[in-house]
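Sequential numbering of the sequence shown, starting at 1, is according to UniProt numbering. To start, the structure under review is shown below, and the notes come after it.
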Amino acid sequence: MPTRLKRTRKHRGHVSAGYGRIGKHRKHPGGRGLAGGMHHHRINFDKYHPGYFGKVGMRHYHLQRNHFWCPVINVEKLWTLVPKEEFEAAQSKKDLVPVIDTLQAGYAKVLGKGNLPQVPFIVKARFVSERAEEKIKEAGGVVKLVA
């Protein structure tokens, strides 16, 4: 914006520059912080922050979130947890069997979406769906459940 259009230029010669004689652009005319969310700032809160006040749903006492921790990985993505060189070595040599530890990679359950290459391997997981186990065994793999 060019200087000639700025507010400071427009206010030249007017003592308080739009901030009044008494308050003099000091203190907190609307209250400090989020004050007045249910009163004089209600419109802003309702418009831009719906649901800010109040509660929703039931309380869950003694909630331990780790009881519900169960990230999943599909069968088609299992080989992404292993370096490419290791996969190629397992393809060429039949005596080399890589171990894919899903827990170490941050997954708890193996699901059965997708297809697997016909390369034997060992999967360590906390949970494995029936279809996933079927597909792993078809590919010549083994499932090992860990706690």
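By construction, the Cβ of each residue, glycine as well, lies at the ideal position given by its N, Cα and C atoms.
Please state whether DSSP places residue i in a helix, a strand or coil.
i	result
Ala17	coil
Leu78	helix
Lys137	helix
His39	coil
His67	helix
Arg4	helix
Going by DSSP, what residues sit across from residue i in a beta bridge?
i	result
Val128	Val110
Val72	Lys109
Val99	Ile122
Could you spell out the range, first to last residue, of the beta strand (DSSP E) harbouring residue i?
i	result
Asp46	Looking at the DSSP string, Asp46 is not in any beta strand (DSSP E); the run it does join, the alpha helix (DSSP H), is Arg42 to Tyr48.
Lys10	Counting along the chain, Lys10 falls outside any beta strand (DSSP E), though it belongs to the alpha helix (DSSP H) covering Arg7 to Lys10.
Val142	Val142 to Leu145
For residue i, count neighbouring Cβ atoms within 10 angstroms of its own Cβ and tell me buried if that reaches 16, exposed if not.
i	result
Gly141	buried
Glu138	exposed
Val128	buried
Leu34	exposed
Lys24	exposed
Ala90	buried
Ile22	exposed
Glu88	exposed
Which residue comes first and which comes last in the alpha helix (DSSP H) that contains residue i?
i	result
Lys84	Lys84 to Ser92
> Looking at C-beta atoms only, is the number of pairs between the stretch 38–47 and the stretch 79–86 that lie closer than 8 Å three or more?
Replying inline: no
>> Count Cβ pairs between the stretch 45–60 and the stretch 103–119 that sit closer than 8 Å; are there 3 or more?
In response: In short, these stretches do not touch, since the Cβ pair count stays below three.
> Taking contact to mean at least 3 C-beta pairs separated by less than 8 Å, is the stretch 117–134 in contact with the stretch 97–106?
Replying inline: yes
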